[in-house]
Amino acid sequence: MEYDIQSLVTKAQRGEREAVAELIERLKPLIYASARRYYFGEGDKEDLLQEGYLKLLELLDKFDMSRGIPFLGFIKVHLKYFYMEKGKDSKKEAAFYILESLTEDGRTFIEGMPDADMSIEEKLVQREVQRSLGEAIQKLSVHQKRVISLCYGQGMDMGQIAKYLGVHYQTVVKTKERGLRRLRETMTEVQRSRG
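Quick note on numbering: the sequence shown equals residues 1 to 195 in the UniProt record's numbering.
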């Protein structure tokens, strides 16, 4: 089988469409297994397979047979890391989506529910603070929003956030500090402008 694959790769690299189509067909099970095994994000199975086919075509162009590496081994390793990275990106997007749903109008669903014990004045003040906070959050950078959301919205500590986002611990600490500083400054400006 390896010999068949190698000859298909050679033909496909020369531009023979039939060889490319047959190579994709033969490697469908490998692409499917890689997506299932290494991708832990949200996503449509068919989309993941299509992206795997595109990755296969991209890797076909990069593959150098003269290096003595079998194509199946080459493609397997690259698909593994492709789907792992894609899953990591999916988690980051999910965290960002959660943040957006929290801050689009400056409050979460629960915060928007009326509190029966609050007076009208307290409700107005709370609504004003939430609106100001929503405006201030919109002025943060994408990274600052993400870190603050994970910290305060999801209850994660700095180490967990660093691991989750795949960045250094100090990067998370500095991003959070800058984000909170910017929030305070923006909240103060918004409060002043509203008198």
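Built from N, CA and C at the ideal position, the CB exists for glycine as well. Note that the structure is a prediction, hence the values are computed from the model and not measured.
In this structure, His143 is the residue among Glu58, Glu16 and His143 with its C-alpha nearest to the C-alpha of Val172.
In the structure shown, Val190 falls within a helical segment according to DSSP collapsed to helix, strand and coil.
Under the three-state reduction of DSSP, Met156 is assigned to coil, being neither helix nor strand. Within the same chain, and ignoring the five residues on either side of Glu135 in sequence, the residues whose Cβ sits closer than 6 Å to its Cβ are Val190. Three or more beta-carbon pairs separated by less than 8 Å are not found between the region 1-15 and the region 29-38, which leaves the two stretches without contact. Just measuring C-alpha positions, the residue of Arg36, Lys139, Val20 and Arg184 sitting nearest Lys80 is Arg36. With a 10 Å radius around the Cβ and a threshold of 16 neighbouring Cβ atoms, Ser132 comes out buried.
Note on geometry: alpha-carbon atoms of Ile148 and Asp157 lie some 10 Å from one another.
Residue environment analysis places Leu54 among the exposed positions, since fewer than 16 neighbouring C-beta atoms fall within 10 angstroms of its C-beta. For the 9 Å CB-CB criterion, Met84 and Tyr152 do not form a contact. With respect to Leu140, Arg182 sits close: the two C-beta atoms are nearer than 9 Å.
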